[in-house]
Structures are given as C-alpha cells and as structure tokens.
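J.:
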Amino acid sequence: MTESSTRVPGPAAAPAPVTLSQLARNVSFEVMPFAKTEGLVLEHVPTEVPLSITVTEAKGLEPTLALTERLTQQGYRATPHLAARLFTGDQQVAEVADRLTEAGVTSIFVIGGDAPEPAGEFTDARGLLDSLERQGRWFETVSIGGYPEGHAKIDDATLSEALRTKAPHANGLITQACFDAKVLGAWAADVARDGISLPIKVGLPGPVNRQKLIRISAGLGLGQSARFLAKQQNMVWRFLLPGAYDPMKLVKKLGAVTARTPTHISGLHLFTFNEVAGAERWRQRLLTATREGH
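Per our numbering, the very first residue in the sequence shown carries number 1; after that it's consecutive.
1) For residue 30, does the three-state DSSP call read helix, strand or coil?
2) Would you call residue 5 buried or exposed, if buried means 16 or more other Cβ atoms sit within 10 Å of its Cβ?
3) Please report how far the alpha carbon of residue 21 lies from the alpha carbon of residue 117, in whole angstroms.
4) Under 8 Å by Cβ, that's how I've got residue 104 and residue 68 pegged, so tell me the actual separation to the nearest angstrom.
5) For residue 222, is the classification buried or exposed, using 16 other Cβ atoms within 10 angstroms of its Cβ as the cut-off for buried?
6) For residue 203, which residues of its own chain have a beta-carbon under 7 Å away from its beta-carbon, when the five flanking residues on both sides are left out?
7) Count the CB pairs spanning the stretch 142–155 and the stretch 95–102 that are closer than 8 Å, and state whether there are at least three.
8) Can you give me the Cβ contacts of residue 262 inside the same chain, cut-off strictly under 8 Å, excluding the 5 residues immediately before and after it?
9) Out of 64, 90, 52 and 247, point me to the one whose CA is closest to residue 76's CA.
10) Do three or more CB pairs link the stretch 29–48 to the stretch 110–126 at distances below 8 Å?
11) Pull up the distance between the alpha-carbon of residue 290 and that of residue 139, whole angstroms please.
12) Taking the Cβ atom as the reference point for each residue, do residue 147 and residue 128 lie within a distance shorter than 7 Å?
13) Is the beta carbon of residue 27 sitting closer than 7 Å to the one on residue 281?
14) Using three-state DSSP, classify residue 141 as helix, strand or coil.
15) Could you spell out where the alpha helix (DSSP H) holding residue 131 opens and where it closes?
16) Considering residue 255, what are the terminal residues of the alpha helix (DSSP H) in which it resides?
17) Is the beta carbon of residue 143 less than 7 Å from the beta carbon of residue 172?
18) Can you find a C-beta in chain B that's less than 7 Å from the C-beta of residue 61?
19) Does the distance from the CB of residue 23 to the CB of residue 255 come in under 7 Å?
20) Mind pulling the beta strand (DSSP E) runs of 3 or more residues that sit fully within the stretch 87–126?
21) Residue 206 to residue 183, Cα distance in whole Å?
22) Taking the beta carbon of residue 248 as the centre, do at least 16 other beta carbons fall within 10 Å, making it buried, or is it exposed?
23) If you count every other CB in all the chains shown that lies within 10 Å of the CB of residue 274, and 16 or more means buried, which is it?
24) Starting from the C-beta of residue 122, find all residues in its chain whose C-beta is less than 6 Å away, skip the five residues before and the five after it, and write them out in chain order.
25) Please determine, among 145, 136 and 200, the residue with the shortest C-alpha to C-alpha distance to residue 318.
26) Determine the extent of the alpha helix (DSSP H) in which residue 186 is found, giving its start and end residues.
27) Are residue 126 and residue 79 close, meaning C-beta to C-beta below 7 Å?
28) Per DSSP, residue 196 forms a beta bridge with which residues?
29) Using the C-alpha atoms, what's the distance from residue 201 back to residue 266?
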C-alpha cells in the first residue's frame, strides 16, 4: 500500500472568541468498546456525529480497532484511542496504522495509556507519535490529550512541557473532564500564550447517572477500575453529589467564557459512558437552545 506522508501542522492560527452556538455545532461522542456498543450507536447516533472509541489495558487494542473499523464501514467518522504503552514497538505501530488506513479511518487519538508497565519501548504518547512519523504513517487528524485541572500523578510543569513537545506532531487536542468553565478558559488561554494553536475540544461527561458510572468502573476490573476512578476523580465526586452536575449548565457557562476569551476552543467532546441515547437527546436539546437563544 502507499504510505501517507507525515502531516506537519500549518501556520499557527490566532486565538479567537467562540460562541455557544458554534460549540453546539461541533460535538463528538466518546464510547467504550463493549458488546452492545455498536448496536446502540447505530440505533441512536446520527452518522454526522464524530465518535471516538476508548481503549483499556485489560481488553487491549483489538476491541477498539475492531469497533472503529465497523463504525467506519457504517459511515461514521470513528477515531480510535491508541495508547502508546500497549504497543510492542514500531512493527506493531505500522501494522495498526496500515490496518486503520485500509479500513478508511482518517483520525486517531494518541495517548500514553494507563498500563503500569509498557508492552514495549513506548512510555508516553510522544514515543508513539515519533514512531508514526519515522515510518511515514499519518492520518488526516491526530489528536492528543490535555489536562485543564492537572493530573493526579504528573506535576503541572511536566504536563505543560509534554504538551509543548507533542503539539508540533498533532493537529487536535481533547481535554480531560473539567467542571469549571473559568478554569477551562484560563487553561486554554495559557495554552494559546504558549504558542500552541491546536483546536481544542473540551471533554465533559454526558447525562449519565452515578449507578451507571459505578457499574462501568467495576466492569473494568479491579486494577483498571482504580486507575479509572483516580483519573476521573473530579468527575466521580460530581456524580456523588446529587444535583451538583448538569452538562447544560456547564456548557452555557463555558459558552459565556469562550465568547469573551480568545482561545483555540472549538467544540465539545462528550464522555457518554455508552449512554448514547441520552447523549444524543442532550445534543439536540443544546442545538435547539442555541437556535432559540436560550
């Protein structure tokens, strides 16, 4: 097959304000590769909604890759999460990249991953990005992660430096969940001041109840569940406080911040926890609210 050339990000765009209406028109869903996921997506999610498919150490890459292929065949723009610590080396990177390209996949989300021990030489996302570039494998969209509220195990200075080193090798950024619109706006403004011009999708939980969250974390296995809950600690506490979290309230506050703060925030990334029917109802409600000026 013909290998794709390495994509180099274009000239830096200036940060700009963005309205809630603009955010509402750029919403993607994150789903988990479980047995019923494909059927739920086909039943409830229009093909114009971009999807990303998570990966876990317990299940490995295969469920993520297989679901990405099937959803792509069904007409969705499906983005697999590729965790660097699950790859054994350059050969597996090439095989996975070629497999995705042959399936028509045009977008990937490169993360370090939570595996305590790497399967091979890659310990972080940068290692996987470098491998893709070395081998001339690239995709139309390559996104990396951002941490507006920091990371439980990594200090802020290290996070900032990691983002600066990864940004030239990507053209999109998806954040971890953050429940404070002002914090999100300030973080995105700081990112822009650092000269990072990647379009940012803000990650936020969709309308899912705490029982569902607990069931999902339990289903990941003891060790993986502990890492999941640690990584999502801010999210978990919000769900344990009745009435404390409403995606619509957060998004409206975010829209107010982004409308007056020049940043590279461009859209929303909804963590659905596979409650895709509720997520799509919420997306439609957001679109209606912005059209009616609520």
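Ideal Cβ positions, reconstructed from N, Cα and C, are used throughout, including at glycine. In this text, all values refer to a predicted model and were calculated from it rather than measured experimentally.
T.: A quick look at the data gives this:
1) Position 30 of the sequence shown, counted from the first residue, corresponds to residue 30. The answer is strand: DSSP assigns residue 30 an E or B state.
2) Sequence index remark: in the sequence shown, residue 5 carries index 5 (1-based). Because residue 5 carries a pLDDT of 41, less than 50, the predicted location of this residue cannot be relied on, and no value is offered for it.
3) Looking up residue 21 in the sequence shown gives position 21. Looking up residue 117 in the sequence shown gives position 117. If I take the Cα positions, the gap works out to 43 Å.
4) As a working note, residue 104 is residue 104 in the sequence shown. As a working note, residue 68 is residue 68 in the sequence shown. Actually they are not in contact, since the Cβ atoms of residue 104 and residue 68 sit about 10 Å apart, beyond 8 Å.
5) Numbered from its first residue, the sequence shown carries residue 222 at position 222. Reliability of the predicted coordinates at residue 222 is poor, the pLDDT of 39 falling under 50, and no value is obtained from them.
6) As a first step, residue 203 must be located in the sequence shown, where it is residue number 203. Excluding positions up to five away in sequence, the list reads 174, 175, 176, 177, 269 and 271.
7) no
8) Numbered from its first residue, the sequence shown carries residue 262 at position 262. Hits under 8 Å: 14, 15, 16, 17, 189 and 192.
9) The residue labelled residue 76 in the question sits at position 76 within the sequence shown. It is 52.
10) no
11) On the sequence shown, residue 290 is found 290 positions in, with the first residue counted as 1. On the sequence shown, residue 139 is found 139 positions in, with the first residue counted as 1. Cα to Cα, the separation comes out at about 33 Å.
12) Numbered from 1 along the sequence shown, position 147 holds the residue referred to as residue 147. Numbered from 1 along the sequence shown, position 128 holds the residue referred to as residue 128. Going by C-beta atoms, residue 147 is not nearer than 7 Å to residue 128.
13) Stepping through the sequence shown from its first residue, residue 27 is reached at position 27. Stepping through the sequence shown from its first residue, residue 281 is reached at position 281. Not a contact, by the Cβ cut-off of 7 Å.
14) Within the sequence shown, the letter at position 141 stands for residue 141. It is a strand residue.
15) Counting from one through the sequence shown, the residue named residue 131 turns up at place 131. Note, residue 131: alpha helix (DSSP H), 125–134.
16) Within the sequence shown, the letter at position 255 stands for residue 255. Unbroken alpha helix (DSSP H) run through residue 255: 247–258.
17) Numbered from its first residue, the sequence shown carries residue 143 at position 143. Numbered from its first residue, the sequence shown carries residue 172 at position 172. Against a cut-off of 7 Å, the Cβ pair of residue 172 and residue 143 comes out as a contact.
18) Considering every chain present, this structure includes no chain B. It has just one protein chain.
19) Translated into the one-based positions of the sequence shown, residue 23 becomes position 23. Translated into the one-based positions of the sequence shown, residue 255 becomes position 255. It is a contact, given that the beta carbons lie within the stated cut-off.
20) 107–111
21) Position 206 of the sequence shown, counted from the start, is the residue given in the question as residue 206. Position 183 of the sequence shown, counted from the start, is the residue given in the question as residue 183. Distance between the alpha carbons of residue 206 and residue 183: 19 Å.
22) Mapped onto the sequence shown, residue 248 falls at position 248. Answer is exposed; the Cβ neighbour count stays below 16.
23) The residue you call residue 274 lines up with position 274 of the sequence shown. Classification of residue 274: buried, given that the 10 Å Cβ count is 16 or more.
24) Along the sequence shown, one-based indexing puts residue 122 at 122. Around residue 122: 84, 87 and 128.
25) The structure shown does not extend to residue 318, since the chain spans only 1 to 294, so no value can be given for it.
26) Position 186 of the sequence shown, counting from 1, holds the residue named residue 186. Element bounds for residue 186: 181–193.
27) Here residue 126 is taken as the residue at index 126 of the sequence shown, counted from 1. Here residue 79 is taken as the residue at index 79 of the sequence shown, counted from 1. No, Cβ-Cβ distance for residue 126 and residue 79 is not below 7 Å.
28) In the sequence shown, counting from the first residue as 1, residue 196 sits at position 196. Per DSSP, none; premise fails for residue 196.
29) The count along the sequence shown starts at 1 and reaches residue 266 at position 266. The count along the sequence shown starts at 1 and reaches residue 201 at position 201. Taking the straight line from one Cα to the other gives about 6 Å.
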